[in-house]
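Protein chains: 2
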Amino acid sequence: MHNSITLENLRVLEAIRQSGSFAGAAQMLHKVPSALTYTVSKLEDDLGLLLFERSKKGARLTAAGTLLLEQGRPILEAVARLEESMRAFEAGWEPCLRIAHDVILSTKPLLQVVGEFLDKELPVEVAYDSVAVGGGWDSLISERCDIAIGVSGDIPKGEFEVQEIGGLSFLFAIAPTHPLALLGRPISAQDLREYPSIVVSDSSRILPKVSTGIFESKQTVKVPDLASKIAAQCMGLGVGYLPTHLIQDKLKDGSLVERECEIPRADLTLYIAWRKTKKGKGLRWFVEHLGAADWGLSRNEG
Amino acid sequence: MHNSITLENLRVLEAIRQSGSFAGAAQMLHKVPSALTYTVSKLEDDLGLLLFERSKKGARLTAAGTLLLEQGRPILEAVARLEESMRAFEAGWEPCLRIAHDVILSTKPLLQVVGEFLDKELPVEVAYDSVAVGGGWDSLISERCDIAIGVSGDIPKGEFEVQEIGGLSFLFAIAPTHPLALLGRPISAQDLREYPSIVVSDSSRILPKVSTGIFESKQTVKVPDLASKIAAQCMGLGVGYLPTHLIQDKLKDGSLVERECEIPRADLTLYIAWRKTKKGKGLRWFVEHLGAADWGLSRNEG
DNA sequence: CTTTCATTTCAAAAAAATTGAATGTTAAAT
DNA sequence: ATTTAACATTCAATTTTTTTGAAATGAAAG
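Those sequence lines, one after another, are chains A and B.
Just so we're aligned, residue 1 is where the first sequence starts under full-length UniProt numbering, counting upward by one.
Just so we're aligned, residue 1 is where the second sequence starts under full-length UniProt numbering, counting upward by one.
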């Protein structure tokens with residue numbers, strides 16, 4: 001009475017329904033008709049219900065059989081998916097891949113690559129999350145992601161591998177109405193201290209705080225992300241360096257102007273990073289394709 | 001390699017995970033440890049994956065085992081539900097019960113009864129739908145429902161059973177500002193023809209149209225349901241008979257006033273109706289409880 | 001009336017699952 | 001250091017379940 005329903009049972013029922021007869025189903029399943037008679041009768045006995053209306057011209061599901069199969073079909077499908085998952089896992093495809101994306105980079109290339117991956121219809125779940133500037137390492141170290149895109153600086157001690165995706169240069173760009181824009185000479189450290197600067201807060205929780213773009217100015221305005229920083233500088237709220245590739249349009253339409261600044265901002269090389277221990281095919285695939293994507297950065301051919 | 005995953009396999013995995021050891025799981029399942037070794041090894045061979053990390057102090061799921069069980073657990077649960085469905089079906093509970101509810105009746109008693117039924121936690125899906133006045137028979141005949149509440153009139157030829165739930169009386173009620181309200185004498189057929197009347201459209205598609213409340217007036221306004229008709233008559237848009245039990249509050253607060261009318265409106269006896277062929281326990285239960293519910297109608301004790 | 005498909009029954013055979021005893025290993029307890 | 005208790009595994013024997021093939025049967029079609 002208990003546990004009488006098995007997957008094989010459901011497959012047999014489905015085959016009989018599809019072919020319309022025990023004989024046809026037997027052929028489908030490479031079995032002999034009497035085997036199906038046995039299987040079905042046993043199940044019918046166990047359930048105490050007639051599952052098929054047998055005639056000499058075939059067999060049709062009864063209401064009970066329909067009920068059973070209607071609910072059973074999705075179960076069979078789930079099992080089939082599960083089997084595919086296991087096969088994929090066995091072949092080296094991890095069940096889930098989490099990508100952390102630094103907001104300093106555009107999401108477009110990432111989405112494009114993710115889209116390409118989804119087209120392969122693998123049973124690999126892809127999750128991605130944006131992290132604040134510099135948050136990639138943190139996300140990787142605390143195992144909140146498997147791949148971090150757009151990390152920079154020193155590689156934290158531990159088992160990580162990286163691949164360069166390009167260089168990031170900065171321009172000192174400010175609103176044309178800002179007093180420092182009208183100075184007529186290179187901006188000095190002294191000048192800077194006279195005005196507020198805009199700082200992107202770092203969400204990093206494990207790594208020590210990295211001060212990105214702080215020049216010890218009189219006041220600082222903390223904003224949650226780079227887009228806010230750009231917006232704030234366009235409004236003349238403050239000044240600071242901004243990534244060249246993100247402000248091309250602002251420079252073109254005059255919302256921002258470039259100025260020379262005595263305090264230099266070093267170019268940054270950005271990487272994709274992941275744990276050496278992770279060897280899934282999905283990770284490999286993503287590293288390869290994300291590395292080849294056009295992130296709009298300066299690249300040294302090599 | 002194919003179809004290596006069975007429900008029994010999943011149950012074994014789950015038992016081992018729960019108890020933390022093959023030995024414990026064997027006890028849970030009333031088997032001998034070597035049986036589980038056999039089962040698990042076979043599955044591991046088939047999948048080509050190690051499912052458990054065996055130590056001398058027990059067994060822990062590997063990543064592959066976790067993946068398998070994580071996806072397998074919901075499958076086991078679905079199968080358990082399916083088995084319960086079949087048991088309930090075998091015991092006479094139909095898998096789905098559709099109730100048509102005539103808008104002339106309040107939904108409150110119905111919802112109360114449905115709530116009571118749901119408390120029993122049976123694997124019976126309950127669907128209910130409101131139908132226009134007189135639409136119950138139609139819904140029943142065309143098999144869009146199993147039980148119709150609030151049908152009236154002749155029982156259509158065919159295999160139906162009914163149970164009375166009470167009588168419905170009508171009052172000729174109109175807005176106090178309506179000219180007919182100021183007449184000072186019983187309203188005649190002639191009077192009626194001078195003013196628009198409000199008619200609820202009948203959604204019935206199979207039965208011949210029953211004109212409910214049409215007095216051949218100059219104009220008629222068709223509204224989709226009784227609530228609209230009451231609202232329309234409160235606004236003085238038209239006149240007509242309304243079910244006594246639905247306008248008690250309107251009469252009390254003066255939105256409507258009762259007037260005598262020469263054209264009488266016969267009381268209606270309302271029934272619950274269902275097909276004789278349907279013998280499910282759910283139907284029986286609902287007929288019994290819906291029949292005993294208080295629909296706010298007049299009842300002749302018997 | 002015969003042929004053709006069907007399903008079922010039944011006994012035999014094959015396959016799969018289960019058992020129990022033996023083996024070996026480890027961690028905790030003495 | 002030795003013993004004890006828990007545990008997983010292996011293997012051959014056993015039991016259970018599934019599958020088979022042949023024969024029986026019935027109904028519709030030619």
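Where is the CB? At the ideal position from N, CA and C, for every residue including glycine.
Check, Outcome
"Distance, Ile75/A Cα to Glu8/A Cα", "12 Å"
"Own chain residues within Cβ distance below 8 Å of Lys281/A, not counting five before or after", "Ala91, Gly92, Trp93, Glu94"
"Segments assigned beta strand (DSSP E), at least 3 residues, entirely inside the segment 111 to 154 of chain B", "125 to 131, 147 to 151"
"Cβ shell of Tyr128/B (< 6 Å), same chain only, five flanking positions each side left out", "Ile99, His101"
"One or two residues paired with Glu53/A in a DSSP bridge", "Arg60/A"
"Range covered by the alpha helix (DSSP H) that runs through Thr37/A", "33 to 47"
"Local Cβ density within 10 Å of Met86/B, reported as buried at 16 or more and exposed below that", "buried"
"Chain A contact residues for Glu90/B, given Cβ-Cβ distances below 7 Å", "Leu47, Gly48, Leu49"
"Partners in chain B for Gly72/A, counting only beta-carbon separations shorter than 7 Å", "Leu82"
"Euclidean distance between Cα positions of Val200/A and Gln248/A", "20 Å"
"Euclidean distance between Cα positions of Ser152/A and Ile272/A", "9 Å"
"Environment of Tyr38/B [buried if 16+ CB atoms lie within 10 Å]", "exposed"
"is_contact[Thr277/A, chain B] using C-beta, thresh 7 Å", "no"
"Beta-carbon neighbours of Ser85/A, restricted to chain B and to distances below 9 Å", "Leu67, Leu68, Gln71"
"Within chain A, partners of Val79/B - CB distance below 7 Å", "Ile5, Ile75"
"Whole-Å CB distance - Leu297/B paired with Leu270/B, under 8 Å assumed", "6 Å"
"Listed by chain order, chain B residues near Ala64/A by CB distance under 9 Å", "Met86, Phe89, Glu90"
"Segment contact flag, the segment 279 to 293 of chain A with the segment 107 to 125 of chain A, C-beta cutoff 8 Å, min 3 pairs", "yes"
"Segment limits, beta strand (DSSP E) that includes Val239/A", "Unbroken run through Val239/A: none, as it is neither H nor E."
"First and last residue of the uninterrupted beta strand (DSSP E) at Met296/B", "Here the sequence assigns Gly to residue 296/B, which means Met is not the residue at that position. No beta strand (DSSP E) holds Gly296/B; DSSP gives it neither H nor E."
"When Ala59/A, His2/A, Cys145/A are compared against Gly48/A, the one with the closest alpha-carbon", "His2/A"
"Arg54/B versus Glu121/B: straight-line alpha-carbon distance, rounded", "41 Å"
"Residue-level contact to chain A via CB, Glu95/B, 7 Å cutoff", "Checking the sequence, you will find Pro at residue 95/B rather than Glu. Chain A, which has a Cβ nearer than 7 Å to the Cβ of Pro95/B, makes this yes."
"Delimiting residues of the beta strand (DSSP E) encompassing Glu8/B", "Here Glu8/B belongs to no beta strand (DSSP E); instead the alpha helix (DSSP H) covers 7 to 19."
"Pro243/A versus Ala78/A - alpha carbon distance", "47 Å"
"Span separating the alpha-carbon of Asp294/B from that of Ser169/B", "16 Å"
"Three-state class that DSSP yields for Ser211/B in the structure shown", "Confidence at Ser211/B is low in this model, with a pLDDT of 48, below 50, so its placement is unreliable and no value can be given for it."
"Cβ pair Gly134/B, Ala148/B closer than 7 Å", "no"
"Cross-strand partners of Thr269/A (DSSP beta bridge)", "Gly167/A"
"Contacting residues, own chain, Cβ-Cβ under 8 Å from Phe160/B (five flanking each side not counted)", "Leu140, Ala273, Trp274, Arg275, Lys276"
"Touching by the beta-carbon criterion (3+ pairs, under 8 Å), the segment 246 to 266 of chain B and the segment 55 to 72 of chain B", "no"
"Alpha-carbon spacing of Leu237/A relative to Tyr195/A, whole angstroms", "9 Å"
"Bounding residues of the beta strand (DSSP E) (the contiguous stretch that carries Ser228/B)", "Note, Ser228/B: premise wrong, no beta strand (DSSP E); alpha helix (DSSP H) at 226 to 234."
"Range of the contiguous beta strand (DSSP E) that encloses Arg98/B", "96 to 102"
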